[in-house]
Amino acid sequence: MSSLISADEIRHETEIVWLEDIDDLDYVRQSLDRLPNRKSKPAYHRDGRMVGYAILGDTAKASRASGTFRRRVFWVLPHDRDSDPDGLYARSAPAEAVDPRTVEPCVKGSKTERSEGGPPSLAMQELGIQLPL
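Here is the structure:
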């Protein structure tokens, strides 16, 4: 979940690859997945669809126990707002969701008024940023 992702866990990111136009997505879910390599497109094993992933630099080390790398994967589920605008998340977002426009390599991303589907979040107010709903 986004609040559980630490800056240290994503410090080796060099690029975020988006598979879809993020301007069409109010929010994406992010998670740290254990993947067999640093760079290629990961396999996706959830409902819904993968919309992006992080690429790690050569300094990222594999886990000694599993030989895998922890990489961020961005995804949406069938009941998320992009597919069901009047559904469960019409005026909110899941806990692990972030506005994809706030995501960069080594930056966790954050919720915004756009991702929350409502009034500006405290973080956006503090930054003085207002996005159209």
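Residue numbers (the UniProt record's numbering): 1 to 133. Beta carbons: idealized from backbone N, C-alpha and C, even for Gly.
Legend entry - Minimum C-alpha distance to residue 105 - residue among 57, 26, 46 and 97: The residue given as residue 105 occupies position 105 in the sequence shown. Of the candidates 57, 26, 46 and 97, the one whose C-alpha sits nearest the C-alpha of residue 105 is 57.
Inset, instruction - Tell me, please, whether the stretch 73 to 82 touches the stretch 13 to 29 by the rule of three or more beta-carbon pairs shorter than 8 Å. - result: yes
Legend entry - Inter-residue spacing [alpha-carbon to alpha-carbon] between residue 112 and residue 36: Position 112 of the sequence shown, counted from the first residue, corresponds to residue 112. Position 36 of the sequence shown, counted from the first residue, corresponds to residue 36. Going by the C-alpha atoms only, they are around 32 Å apart.
Legend entry - Within 9 Å, strictly: CB atoms of residue 6 and residue 34: Position 6 of the sequence shown, counted from the start, is the residue given in the question as residue 6. Position 34 of the sequence shown, counted from the start, is the residue given in the question as residue 34. Not a contact, by the Cβ cut-off of 9 Å.
Inset, instruction - Run through the stretch 31 to 102 for me and flag every whole alpha helix (DSSP H) of 4 or more residues, listed as ranges in chain order. - result: none
Inset, instruction - Rank 59, 53, 4 and 45 by C-alpha distance to the C-alpha of residue 22 and give the top, closest one. - result: By 1-based counting over the sequence shown, the position of residue 22 is 22. Selected option, being the one with the closest Cα: 53.
Inset, instruction - Along the beta strand (DSSP E) that carries residue 13, what are the first and last residues, could you check? - result: Residue numbering aside, residue 13 sits at position 13 when the sequence shown is read from its first letter. Looking at the DSSP string, the run of the beta strand (DSSP E) that includes residue 13 is 13 to 18.
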